[in-house]
Each structure stands twice: as structure tokens, then as C-alpha cells.
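Q:
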Amino acid sequence: MPWRMHDASHSNSGQQHPGTLASTRHLLERTIATLSHPERYRVAEFPRHRGLQEWYIERLPVQAPSLALVHVRDESSDGELMTDVPAVSRLTVEAGPGLRAGLARAIADLPPETLVAIVAGAVAEVPAAGVWDAIKLFEMHPAVQAVGGGRG
Numbered sequence: 206m207p208w209r210m211h212d213a214s215h216s217n218s219g220q221q222h223p224g225t226l227a228s229t230r231h232l233l234e235r236t237i238a239t240l241s242h243p244e245r246y247r248v249a250e251f252p253r254h255r256g257l258q259e260w261y262i263e264r265l266p267v268q269a270p271s272l273a274l275v276h277v278r279d280e281s282s283d284g285e286l287m288t289d290v291p292a293v294s295r296l297t298v299e300a301g302p303g304l305r306a307g308l309a310r311a312i313a314d315l316p317p318e319t320l321v322a323i324v325a326g327a328v329a330e331v332p333a334a335g336v337w338d339a340i341k342l343f344e345m346h347p348a349v350q351a352v353g354g355g356r357g
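The sequence shown lines up with residues 206 to 357 when you count with my numbering.
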């Protein structure tokens, strides 16, 4: 039995302690309050159920930053890249030996504050929730330069 699990331990009860939930929610609310634009965020139930109720900071779909989706198209691409995120520049570059130069040309005229999402492979749709979550990470952690993700 791990050191924290004993008969009187909450971690051994098989139940989620309500105080833990309240404490987590309070901490996340305090974090939001410290942000320069707290109106862009809210505490919400985590979108995937992993066995227990969890809270997370959700980026609301308001005040979208400048965003460009760059679709790297190759033979496995499924046509046009689709997303339901508003105010997005959609750019396409071809995969292959000229990819680096193609990416540089594609983003050269974008404003410097533009967030650029590079999507490759057989991706046909970029869900808005994933885009807003990436935006949140860039806004909350200014030192972040890249965010990755996958399906699932």
C-alpha cells in the first residue's frame, strides 16, 4: 500500500473529497483573476471524463487573436482544411523539399503578433475547442513558443 493510502486516508476511500474539488476550483479562479484579461476565461468541468470530476481553465471563444492556419498539403491530405474558429487566415503550402521556404513565404506578411498553427497530414478539420485551448496556453504562458497535439 502506498504511503498515503491508509484506512483513514481520503485517497483510500474510493470517493472524491468535496474539499479537494472546491480547493481546486478556488485556485483556478484565483489564477484567472491574475490574468490581464480575466473575462476571456472561466473555470469549467474538464471536457473528458477520466473517472473523477475535474476542473480546468477554459478559454472562451471571445476576443480572438490574429490566427493563421497553415495547411501543409501532401498526397495524404484530405482536401481543404476546415475549422469553425472565426477570423482565421487560411494558408496552404506544399510538403516536400521546398517546405521551409514555402512556410517562410506564407507567413512573411502576417502581423508579428499572429499565432500560427501548422497542420500537416490527413487532417481535414481542426476543432475550435483545440484551437482555443492552444490560444489559452500562449496567452497564459508568454514564453511558450510551440504547442503540439494529436487526435483523441
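Every residue gets a Cβ at the ideal spot worked out from N, C-alpha and C, and that includes glycine.
Since we're looking at a predicted model, the values are computed, not measured.
So, with DSSP's three-state summary, where would you put residue 265?
A: The residue you call residue 265 lines up with position 60 of the sequence shown. If DSSP states are grouped into helix, strand and coil, residue 265 belongs with coil.
Q: Tell me, which residues are paired with residue 298 by DSSP?
A: In the sequence shown, counting from the first residue as 1, residue 298 sits at position 93. The partner list for residue 298 (beta bridge, DSSP) reads 277.
Q: Between which two residues does the alpha helix (DSSP H) holding residue 305 run?
A: As a position in the sequence shown, residue 305 is number 100, starting the count at 1. That run of the alpha helix (DSSP H) goes 304-312.
Q: Can you tell me where the alpha helix (DSSP H) with residue 232 in it begins and where it stops?
A: Start at 1 with the first residue of the sequence shown, and residue 232 comes out as number 27. 223-238 is the span of the alpha helix (DSSP H), which, as asked, contains residue 232.
Q: Closest by CA to residue 246, which one among 267, 332, 322, 300?
A: The residue given as residue 246 occupies position 41 in the sequence shown. The candidate whose alpha carbon is nearest that of residue 246 is 267.
Q: So is residue 263 buried or exposed if we call it buried at 16+ other beta carbons inside 10 Å?
A: Translated into the one-based positions of the sequence shown, residue 263 becomes position 58. Classification for residue 263: buried.
Q: Please name the residue or residues paired with residue 320 in a DSSP beta bridge.
A: One-based indexing of the sequence shown puts residue 320 at position 115. For residue 320, which the question treats as bridged, DSSP gives the partners 272.
Q: Could you compute how far the alpha carbon of residue 315 sits from the alpha carbon of residue 227?
A: Your numbering for residue 315 matches position 110 in the sequence shown. Your numbering for residue 227 matches position 22 in the sequence shown. Each residue's alpha carbon lies about 43 Å from the other.
Q: Applying the 10 Å Cβ sphere with the 16-neighbour rule, what's the burial state of residue 322?
A: By 1-based counting over the sequence shown, the position of residue 322 is 117. Residue 322 should be labelled buried.
Q: Once the 5 residues before and after residue 300 are set aside, which same chain residues still bring their CB inside 6 Å of it?
A: The count along the sequence shown starts at 1 and reaches residue 300 at position 95. These residues qualify, in order along the chain: 277, 279.
Q: Residue 312 to residue 265, Cα distance in whole Å?
A: As a first step, residue 312 must be located in the sequence shown, where it is residue number 107. As a first step, residue 265 must be located in the sequence shown, where it is residue number 60. Distance between the alpha carbons of residue 312 and residue 265: 26 Å.
Q: Is it true that the CB of residue 271 sits closer than 8 Å to the CB of residue 318?
A: For the purposes of this step, residue 318 is identified with residue 113 of the sequence shown, where counting begins at 1. For the purposes of this step, residue 271 is identified with residue 66 of the sequence shown, where counting begins at 1. Contact flag set, yes.
Q: If you reduce the DSSP assignment to three classes, tell me which class residue 339 lands in.
A: Sequence index remark: in the sequence shown, residue 339 carries index 134 (1-based). In this structure, residue 339 counts as helix in the three-state DSSP scheme.
Q: Could you have a look at residue 244 and say whether DSSP puts it in helix, strand or coil?
A: Locating residue 244 in the sequence shown gives position 39, where the first residue counts as 1. Helix at residue 244.
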